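One structure is given here, and the rest of the page talks about it.
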Amino acid sequence: MAEYNQPSTLEEVEKNFEQIKPLMNSTEAYYESGRCLFCYDAPCVKACPTGIDIPLFIKQINTGNLNGSAKTIYKANYFGNTCGKVCPTEVLCEGACVFNEQGVKPIDIGRLQSFATTKAMDKDLSLSKAVEKNGKKIAVIGAGPAGISCACELSSMGYDVDIYEAKSAPSGLVLHGVAPYKITNEEALKEVEYLQRQFGFAIKYNSPVTTHEQLTDLEENYSAIFLGIGLGKTASLLIEGEGLTNCIGATEFIEQMKLNPLQTFIGKKVIIIGGGNTAMDAASECARLGADEVILAYRRSKAEKRAYEFEYDLAKSVGVKGMFNISPVAILGTEKVEGVRFTKTEVIDGRVVPVENSEFDISSDMVIRATGQSKMIELLEQIDGMDLDRKGRILVDPESFQCKNPKYFAGGDAVNGGAEVVNAAAEAKIAAIGIHNWIIGEETLGG
Amino acid sequence: MPNLTANLAGIKSPNPFWLASAPPTNSGYQIMKAFDAGWGGAVWKTLGIPVVNTSSRYGAVNYKDKRMMGFNNIELISDRPLSDNLREMEEVKKYFPDHAVIASLMVQSKKEWHQIVNDVQNAGADGIELNFGCPHGMCERGMGSAVGQEPEVIKTLVGWVMEVAKVPVIVKLTPNITDITQPALASQMGGADAISLINTIQSLVGVDLDNFVPYPVVDGKSTNGGYCGPAVKPIALNMVKNCAIHPEFKLPISGIGGIETWRDAMEHIMLGASNVQVCTAVMHYGFGIVREMISGFEEYMIEKGFETIDEMVGKALPNVKDWEDLNMKYEVKASINKDKCIGCDLCYIACEDGAHQAIRIPENSTNRIPEIIDENCVGCNLCSLVCPVENCITMVRTDDGSEHETWKDYQVKDKAPNTFDDERAGGRGHYVPKPSDALKK
Numbered sequence: 001m002a003e004y005n006q007p008s009t010l011e012e013v014e015k016n017f018e019q020i021k022p023l024m025n026s027t028e029a030y031y032e033s034g035r036c037l038f039c040y041d042a043p044c045v046k047a048c049p050t051g052i053d054i055p056l057f058i059k060q061i062n063t064g065n066l067n068g069s070a071k072t073i074y075k076a077n078y079f080g081n082t083c084g085k086v087c088p089t090e091v092l093c094e095g096a097c098v099f100n101e102q103g104v105k106p107i108d109i110g111r112l113q114s115f116a117t118t119k120a121m122d123k124d125l126s127l128s129k130a131v132e133k134n135g136k137k138i139a140v141i142g143a144g145p146a147g148i149s150c151a152c153e154l155s156s157m158g159y160d161v162d163i164y165e166a167k168s169a170p171s172g173l174v175l176h177g178v179a180p181y182k183i184t185n186e187e188a189l190k191e192v193e194y195l196q197r198q199f200g201f202a203i204k205y206n207s208p209v210t211t212h213e214q215l216t217d218l219e220e221n222y223s224a225i226f227l228g229i230g231l232g233k234t235a236s237l238l239i240e241g242e243g244l245t246n247c248i249g250a251t252e253f254i255e256q257m258k259l260n261p262l263q264t265f266i267g268k269k270v271i272i273i274g275g276g277n278t279a280m281d282a283a284s285e286c287a288r289l290g291a292d293e294v295i296l297a298y299r300r301s302k303a304e305k306r307a308y309e310f311e312y313d314l315a316k317s318v319g320v321k322g323m324f325n326i327s328p329v330a331i332l333g334t335e336k337v338e339g340v341r342f343t344k345t346e347v348i349d350g351r352v353v354p355v356e357n358s359e360f361d362i363s364s365d366m367v368i369r370a371t372g373q374s375k376m377i378e379l380l381e382q383i384d385g386m387d388l389d390r391k392g393r394i395l396v397d398p399e400s401f402q403c404k405n406p407k408y409f410a411g412g413d414a415v416n417g418g419a420e421v422v423n424a425a426a427e428a429k430i431a432a433i434g435i436h437n438w439i440i441g442e443e444t445l446g447g
Numbered sequence: 001m002p003n004l005t006a007n008l009a010g011i012k013s014p015n016p017f018w019l020a021s022a023p024p025t026n027s028g029y030q031i032m033k034a035f036d037a038g039w040g041g042a043v044w045k046t047l048g049i050p051v052v053n054t055s056s057r058y059g060a061v062n063y064k065d066k067r068m069m070g071f072n073n074i075e076l077i078s079d080r081p082l083s084d085n086l087r088e089m090e091e092v093k094k095y096f097p098d099h100a101v102i103a104s105l106m107v108q109s110k111k112e113w114h115q116i117v118n119d120v121q122n123a124g125a126d127g128i129e130l131n132f133g134c135p136h137g138m139c140e141r142g143m144g145s146a147v148g149q150e151p152e153v154i155k156t157l158v159g160w161v162m163e164v165a166k167v168p169v170i171v172k173l174t175p176n177i178t179d180i181t182q183p184a185l186a187s188q189m190g191g192a193d194a195i196s197l198i199n200t201i202q203s204l205v206g207v208d209l210d211n212f213v214p215y216p217v218v219d220g221k222s223t224n225g226g227y228c229g230p231a232v233k234p235i236a237l238n239m240v241k242n243c244a245i246h247p248e249f250k251l252p253i254s255g256i257g258g259i260e261t262w263r264d265a266m267e268h269i270m271l272g273a274s275n276v277q278v279c280t281a282v283m284h285y286g287f288g289i290v291r292e293m294i295s296g297f298e299e300y301m302i303e304k305g306f307e308t309i310d311e312m313v314g315k316a317l318p319n320v321k322d323w324e325d326l327n328m329k330y331e332v333k334a335s336i337n338k339d340k341c342i343g344c345d346l347c348y349i350a351c352e353d354g355a356h357q358a359i360r361i362p363e364n365s366t367n368r369i370p371e372i373i374d375e376n377c378v379g380c381n382l383c384s385l386v387c388p389v390e391n392c393i394t395m396v397r398t399d400d401g402s403e404h405e406t407w408k409d410y411q412v413k414d415k416a417p418n419t420f421d422d423e424r425a426g427g428r429g430h431y432v433p434k435p436s437d438a439l440k441k
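Here the protein sequences line up with chains C and F, keeping their order. In this text, residue positions in the first sequence follow my numbering: the first is 1, and each later residue adds one. In this text, residue positions in the second sequence follow my numbering: the first is 1, and each later residue adds one.
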């Protein structure tokens, strides 16, 4: 019998998806903040893509200056609470904490960060000084962490920002992709609502931008356009049987599961194909939604998997079983998934090679493909003069995140190919400054 | 945004945070770095005839896992040639004309005082601080605290300095004295423009129990040093307050002693300091800590509606009274929030063994949650101080606030006990267990 029962109410869903980084109480925050050494040129800051002044915000918590603490965080990263909860802190700030060198538990930076920012959101702490509008308009495509961060930064400089979002809610993958035990949907939305109140940008929901005409329109009406478009659907495995019912892409599965956990089909025996963090998430989620057996199948060795070790540990802790050096050959079944045919593999000179005559079948009633997301090529092809790399990532100037078509800037997954919320937040902020500098430069040339 | 500009006797600085005269201000390099990090002023490491220092100079008191709660040093004044310091001082002022650069001085003869005052003024110092406080090494040579402990000498020396001073003169006081207001008043009489306090407190921080020698160890021997760091703040606050409330003392005060966070600095200001000086916290964490202080001040001032530092100087002084002026009718009793209690029972044992036996653990209790015995509780606060849970034990006011009687009133109204077994003794009626009950537990 599985560790988790299939939930039948939203309360049970919540219980199965208990937060792994719950909100600290003030006593815990006080004790934990008191442990911080206030290192010089702190390794935690260096490990943070947004470079939050971590020792400062922790000391501010300790001295009762919670407003100052939240300001320190938001100054560097608009997704302060979200990142505190969803960042892989084990390999970023907390992984860099000098206490690790001493065999002492590192400072619980993520949870302290969420503590300070939650307090700020709850009291609607004012973050921005009133700035005069400069009369310039910027369009942002995508209301995910990149788009929102870019909008916050531009708004704080006096720009009017309109965000065009295809879906009916903001926050992108934080809402649709991040594992529910890392952050709740309410929390994800709460931070965006707070930021919108603070910075006053507009979000146009259900407004997908897909055509050349729409883009031309944006180019005419806005001084610059920021692409925070993220990634597309799960990439295909290019094997037989992918079209069978109950064979689904991880991104699509997670989105469905997050929005409608009770209506999402969960197999009794689920096979997850992939060795990245999304595969780990999907596996954990299936287990917590009541699957009896969850198998992670990865074509390379355990050591080669791209997922963080702690993510694999988390999956294992809810009963997920890892199988390595196997690759799917076909999804079996007539209408619905009935199993997966695998071949054993070995890695020769870095390349995965099937082992001859090693095929075997595993029965299963659900397959989740966690094999990476495709790029938004169709949209990008509509924009004149864009440069993409071999993998379909947008090529930008690393200093300004400006695209080859100078009116466009980009950041987040569409540029980095799929990284963390914190990377999107960091890149988008730089891009916003890039947009500002470019506009000033154009004006200087024009005048 | 609140205005953090500070003014001490006419010496202006962008904020009230100065570095105290100490190792962090040993060179122009350090001071420029500090200003760049956000400090508003710096008092240069004391200048005079350069010294020779010992190797091994500092000792510390740790409290559990916290390092350097207290700190002591046996280092002397600057060991660098005066001309090097003067040249650097001039350079610092060129880069930072709006920051306060104060020259701390310590010499002996009138001629030396005149010469060095002129020298630092020519180098561009915005003010002068007279080091009458150093309690180790220099005092044995008739300087430092040896001067600070003799009000008459202070007055004379300040007089010498004032003969040639063109910039404000601050006298830095030693706390190694019974009544701090005596040297403060002597400084005022001598003509000084401000005082700063406290310098370090004579101390021994501990003993190496394996080798039978106190710290810090210099070739198997040791000597007393000067104590500073977070541990000394309460002593400093009291002395700052004593000077600030003295009716005849009118000079502005620069507060020093135990300042590590914005709160420590604000407490000094609330008790009468116009600005503050910091050393130990910088020796521990570097110049970067000033950003926590600045942010803390800004947020506090926004929250409380203060716009300038001056508005806050001495804000708590009207609420400082002599003991005999406190209201004896005010009454608080401890209250335990059972939902928050974690059952450590530290409050119980603290009250039982260390105070007034006003807490009990109910018999057959399964949850270890103690109860206050209201009639025994004298409102001493001890339980609330030892309780590790925020807002678990609170002190609740139980009088109705209608009565106000001080010890002074008690004496006038003949309510004060004046015989050994007086009926009016405060403890009469308080429950005290029988001595033999102690052995029944």
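Ideal Cβ placement from N, Cα and C applies to all residues, glycine included. As the structure is a prediction and not an experimental result, all values here were calculated from the model.
**Asked** Since alanine 414/C contacts leucine 231/C with CB under 8 Å, what's their CB separation in whole angstroms?
**Response** 7 Å
**Message:** Between the segment 418 to 435 of chain C and the segment 142 to 151 of chain C, can you find at least three pairs of beta-carbon atoms closer than 8 Å?
**Reply:** Contact holds between the segment 142 to 151 of chain C and the segment 418 to 435 of chain C, because three or more Cβ pairs, one in each stretch, are under 8 Å apart.
**Asked** Measuring CB to CB, does leucine 225/F end up less than 7 Å from serine 196/F?
**Response** Here residue 225/F turns out to be glycine, not leucine, going by the sequence shown. It is not a contact, given that the beta carbons lie outside the stated cut-off.
**Asked** Nearest-angstrom Cα distance between valine 153/F and leucine 105/F?
**Response** 16 Å
**Asked** Can you give the beta carbon distance from isoleucine 239/C to isoleucine 331/C, rounded, assuming they're within the 8 Å contact cut?
**Response** Confirmed, about 7 Å.
**Given proline 97/F as reference, the closest of Ser109/F, Ala125/F and Asn73/F once Cα atoms are compared** = Ala125/F
**Item:** Alpha carbon of alanine 47/C to alpha carbon of valine 320/C, nearest angstrom
**Value:** 30 Å
**Endpoints, alpha helix (DSSP H) assigned at leucine 19/F** = Element bounds for leucine 19/F: not the alpha helix (DSSP H) but the beta strand (DSSP E), 17 to 19.
**Asked** Hey, quick one: how far does the alpha helix (DSSP H) through glutamine 451/C stretch, first residue to last?
**Response** As displayed, chain C neither begins before 1 nor continues past 447, which places residue 451/C out of reach and without an answer.
**Prompt:** Should leucine 445/C be flagged as near chain F, meaning a C-beta pair shorter than 7 Å?
**Reply:** Among the residues facing chain F, leucine 445/C is not included, as its CB has no counterpart in that chain under 7 Å away.
**Request:** Report buried or exposed for leucine 395/C, applying the criterion of at least 16 other Cβ atoms within 10 angstroms of its Cβ.
**Result:** exposed
**Prompt:** Does the beta carbon of methionine 1/C sit closer than 7 Å to a beta carbon anywhere in chain F?
**Reply:** Because the pLDDT at methionine 1/C is just 46, under 50, the model does not fix this residue reliably, and the point stays unresolved.
**Minimum Cβ-Cβ distance from leucine 56/C to chain F less than 7 Å** = yes
**Item:** Own chain partners of glycine 288/F with C-beta closer than 8 Å, once the 5 adjacent residues on each side are dropped
**Value:** Ala37
**Whole-angstrom distance between glutamine 263/C and asparagine 456/C, CA atom to CA atom** = The first residue shown for chain C is 1 and the last is 447, placing residue 456/C beyond what the model contains.
**Item:** First through last residue of the alpha helix (DSSP H) which encompasses aspartate 217/C
**Value:** Unbroken alpha helix (DSSP H) run through aspartate 217/C: 212 to 221.
**Asked** What separation, rounded to the nearest whole angstrom, lies between the Cα atoms of threonine 46/F and arginine 57/F?
**Response** 17 Å
**Asked** Relative to the C-alpha of proline 388/F, which residue among Gly159/F, Leu237/F and Ala350/F is closest?
**Response** That would be Ala350/F, whose Cα lies nearest to the Cα of proline 388/F.
**Message:** Quick test of your reading: lysine 268/C and aspartate 292/C, contact by CB under 8 Å. State the CB separation rounded to the nearest angstrom.
**Reply:** 5 Å
**Message:** Considering only their Cβ atoms, is the gap separating isoleucine 198/F from methionine 138/F smaller than 7 Å?
**Reply:** no
**Message:** So valine 276/F and glycine 255/F are supposed to be a Cβ contact under 8 Å. How far apart are they, rounded?
**Reply:** 5 Å
**Message:** Please return the same chain residues whose Cβ sits closer than 7 Å to the Cβ of lysine 93/F, not counting the five positions on each side in sequence.
**Reply:** Short of 7 Å from the beta carbon of lysine 93/F, and not among the five residues preceding or following it, lie these beta carbons of its own chain, in chain order: Val101 and Gly124.
**Request:** Counting only the same chain and skipping the five closest in sequence on each side, list residues whose C-beta sits under 8 Å from that of asparagine 333/F.
**Result:** Contrary to the premise, residue 333/F reads as lysine rather than asparagine in this sequence. So the qualifying residues of the chain are Ile372, Asp374, Cys377, Gly379, Met395, Val396 and Thr398.
**Prompt:** Under three-state DSSP, which class holds isoleucine 148/C?
**Reply:** helix
**Message:** Let me check one thing: in DSSP terms, what residues is glutamate 11/C bridge-paired to?
**Reply:** Bridge partners of glutamate 11/C: none, in fact.
**Prompt:** Is the CB of glutamate 307/F under 7 Å away from at least one CB in chain C?
**Reply:** no
**Request:** Show which residues of chain F have a CB atom less than 7 Å away from the CB atom of lysine 105/C.
**Result:** Ordered by position in chain F, no residue passes the 7 Å Cβ test against lysine 105/C, which lies about 13 Å from the chain.
**Prompt:** When you compare only the Cα positions, how much space is there between methionine 266/F and alanine 186/F?
**Reply:** 27 Å
**Within 7 Å of chain C by C-beta, residues of the segment 384 to 395 of chain F in sequence order** = Taking 7 Å as the Cβ-Cβ cut-off against chain C, the residues of the segment 384 to 395 of chain F that qualify are Val389 and Glu390.
**Item:** Proximity winner among Thr223/F, Gly257/F and Pro214/F, relative to glycine 133/F (alpha-carbon distances)
**Value:** Gly257/F
**Message:** Going by DSSP, what residue range makes up the beta strand (DSSP E) through serine 254/F?
**Reply:** 253 to 256 is the extent of the beta strand (DSSP E) around serine 254/F.
**Asked** Is there contact here, the segment 372 to 384 of chain C with the segment 340 to 360 of chain C, by at least three beta-carbon pairs under 8 Å?
**Response** no
**Asked** Going along the chain, which residues of its own chain have a beta-carbon closer than 6 Å to the beta-carbon of asparagine 251/C, five neighbours each way excluded?
**Response** Before going further, note that residue 251/C is threonine rather than asparagine in the sequence given. If we look at threonine 251/C and ignore the five residues flanking it on each side, its Cβ neighbours are Thr234 and Gln373.
**Request:** May I have the straight-line CA-CA distance separating alanine 70/C from glutamate 311/F, to the nearest angstrom?
**Result:** 27 Å
**Message:** Between the alpha carbons of threonine 72/C and phenylalanine 324/C, how many angstroms are there, rounded?
**Reply:** 44 Å
**Asked** Does any residue of chain F bring its CB to less than 7 Å from the CB of lysine 59/C?
**Response** yes
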